[in-house]
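Residue numbers (the numbering used here): 20 to 194.
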């Protein structure tokens, strides 16, 4: 049975293990592995308090039969629009767990009036994520290009990527 649990259910080690089993090839935010301890602890603290700078966070661990298989997060900006981030362990992708997790997350956000809309930005070659967004009732909007920093042998390098923006009006959830 799939369920979402308030983060941070797992700690630093569990978060590191999760990201070591996520294919970041097509992620717009790519993290160095192993995750740096200080930045990861700062992130876990932000998730615990629900605040990161000027953003509010709604972060949930995705559990299948008590096993952490992913993380789903909404980052809400002051205007009440939110941005989606979801990661699923590679061995669990393509089984509908992402769609089920997003349905649960969006229902929670709608029921609590947590945000007015959700946007997601997906790498053009990430076909699993693009299909997931459509199955989660998100509308594909405009294509985009963005410069991102990617880890490269202990440093970062700039890389230009192309992708698509997806959007969901949260009031449309559960209609």
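Every residue gets a Cβ at the ideal spot worked out from N, C-alpha and C, and that includes glycine.
Just so we're clear, the structure is a prediction, and the values are computed from it rather than from any experiment.
Original post:
Short check: CB of residue 77 to CB of residue 101, under 9 Å?
Top reply: Along the chain shown, read from residue 1 onward, the residue named residue 77 stands at position 58. Along the chain shown, read from residue 1 onward, the residue named residue 101 stands at position 82. Cβ atoms of residue 77 and residue 101: closer than 9 Å.
**OP:** Determine the contact status of residue 89 and residue 116, defining contact as a CB-CB distance below 9 Å.
**Re:** Residue 89 sits at position 70 when you count from the first residue of the chain shown. Residue 116 sits at position 97 when you count from the first residue of the chain shown. Going by C-beta atoms, residue 89 is nearer than 9 Å to residue 116.
Original post:
What's the C-alpha gap between residue 74 and residue 186?
Top reply: Here residue 74 refers to the residue found at position 55 of the chain shown. Here residue 186 refers to the residue found at position 167 of the chain shown. When rounded, the distance between both Cα atoms is 18 Å.
Original post:
Mind checking whether residue 193 and residue 120 have CB atoms under 9 Å apart?
Top reply: Within the chain shown, residue 193 is the residue found at index 174, counting from 1. Within the chain shown, residue 120 is the residue found at index 101, counting from 1. In this structure, residue 120 does not lie closer than 9 Å to residue 193 by Cβ.
Subject >> residue 89 (DSSP reduced to helix, strand or coil) >> reply: Position 70 of the chain shown holds residue 89. Of the three classes helix, strand and coil, the one that applies to residue 89 here is strand, per DSSP.
Subject >> Candidates 105, 67 and 92: closest to residue 45 by CA position >> reply: Here residue 45 refers to the residue found at position 26 when the chain shown is read from its first residue. Of 105, 67 and 92, the residue nearest in Cα terms is 105.
**OP:** Since I believe residue 141 is in contact with residue 149 (beta carbons under 8 Å), could you give me their beta-carbon distance rounded to a whole number of angstroms?
**Re:** Taking the first residue of the chain shown as 1, we reach residue 149 at position 130. Taking the first residue of the chain shown as 1, we reach residue 141 at position 122. Residue 149 to residue 141, Cβ: 5 Å. Contact.
**OP:** Determine, using beta carbons only, whether residue 128 and residue 189 come nearer to each other than 9 Å.
**Re:** The count along the chain shown starts at 1 and reaches residue 128 at position 109. The count along the chain shown starts at 1 and reaches residue 189 at position 170. It is a contact, given that the beta carbons lie within the stated cut-off.
Original post:
Just the Cα atoms here: how many angstroms apart are residue 183 and residue 67?
Top reply: Stepping through the chain shown from its first residue, residue 183 is reached at position 164. Stepping through the chain shown from its first residue, residue 67 is reached at position 48. If you take the alpha carbons of residue 183 and residue 67, they lie about 30 Å apart.
**OP:** Determine the direct distance from the alpha carbon of residue 176 to that of residue 110, and round the result to whole angstroms.
**Re:** Within the chain shown, the letter at position 91 stands for residue 110. Within the chain shown, the letter at position 157 stands for residue 176. Spanning the two alpha carbons is a distance of roughly 28 Å.
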